[in-house]
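*Asks:*
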Amino acid sequence: MSKSTHEPEIENRKARHDFQIGETLECGLVLRGSEVKSIRAGQASLAEGFVMARMEPPSLELHGVHISEYPPAGRDRQHPAVRTRRLLAHATEIKKLALAMQAKGASIVPLKIYFKNGVAKLLVGVAHGRRKGDKREAIRERETRRDIEREMNRRR
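When you line the sequence shown up against numbering that gives the first Met the number 0, it's residues 0 to 155, in that order.
#1: Alpha carbons only, please: which of L121, A137, R139 is nearest the one belonging to H62?
#2: Please report the distance separating the alpha-carbon of S33 from that of E10.
#3: Which of the three DSSP states is assigned to N11 in this structure?
#4: Determine the closest residue to S44 out of A80, K36, N116, T23, with distance taken between C-alpha atoms.
#5: So what does DSSP say about G32, is it helix, strand or coil?
#6: In angstroms, rounded to a whole number, what distance separates the CA positions of R111 and R155?
#7: Thinking C-alpha only, which one of L30, R144, A105, H65 is nearest E22?
#8: Can you tell me the Cα-Cα spacing of F18 and G128, whole angstroms?
#9: DSSP state of R53, grouped into three classes?
#10: By Cβ distance, which residues of its chain are closer than 6 Å to V118, with the 5 residues on each side in sequence left out?
#11: Taking one C-beta from the segment 81-94 and one from the segment 47-58 each time, how about it: are there three or more such pairs within less than 8 Å?
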């Protein structure tokens with residue numbers, strides 16, 4: 000849950016584990032009404048999602064993100080659970096992401112959906128794949144940091 004509001008933050012924990020995240024960008028999302036209500040209810044999954052960036056014309060598209068149907072909306076007002084959604088960002092930022100994506104092994108992944116001033120936002124990041132050894136090293140570092148923090152809290 001967000002600290003300032005009671006609306007959920009939907010995170011892609013798998014992305015932080017599987018990828019080394021570089022540059023990030025906050026984008027707007029073009030959504031339908033029932034999609035917004037489903038996200039507010041916490042019914043979305045970013046795990047399989049990815050972002051495509053195009054240079055000409057500058058555009059960002061979100062693929063593979065699952066936003067569940069919102070049953071109170073009725074059958075005729077439902078949205079497809081998985082569909083391509085447009086992302087909103089400045090043209091210069093889009094071009095920068097498109098250039099970063101052209102590097103070998105780089106992709107753009109969705110990291111978090113949250114609400115800011117009542118508007119749905121998506122945090123995307125340029126990701127480089129991690130090897131198995133890199134993942135183990137990251138886990139080891141995280142556990143070491145936790146142990147140090149525990150000891151510091153015990154001594155207080």
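Every residue, glycine too, gets a C-beta built ideally from N, C-alpha and C.
Computed from a predicted structure; not experimentally measured.
*Replies:* Quick answer:
#1: L121
#2: 20 Å
#3: coil
#4: A80
#5: Note: G32 maps to helix in three-state DSSP.
#6: The question names Arg, but residue 111 in the sequence shown is Lys. Rounded to the nearest angstrom, the two C-alpha atoms are 34 Å apart.
#7: A105
#8: 5 Å
#9: strand
#10: none
#11: yes
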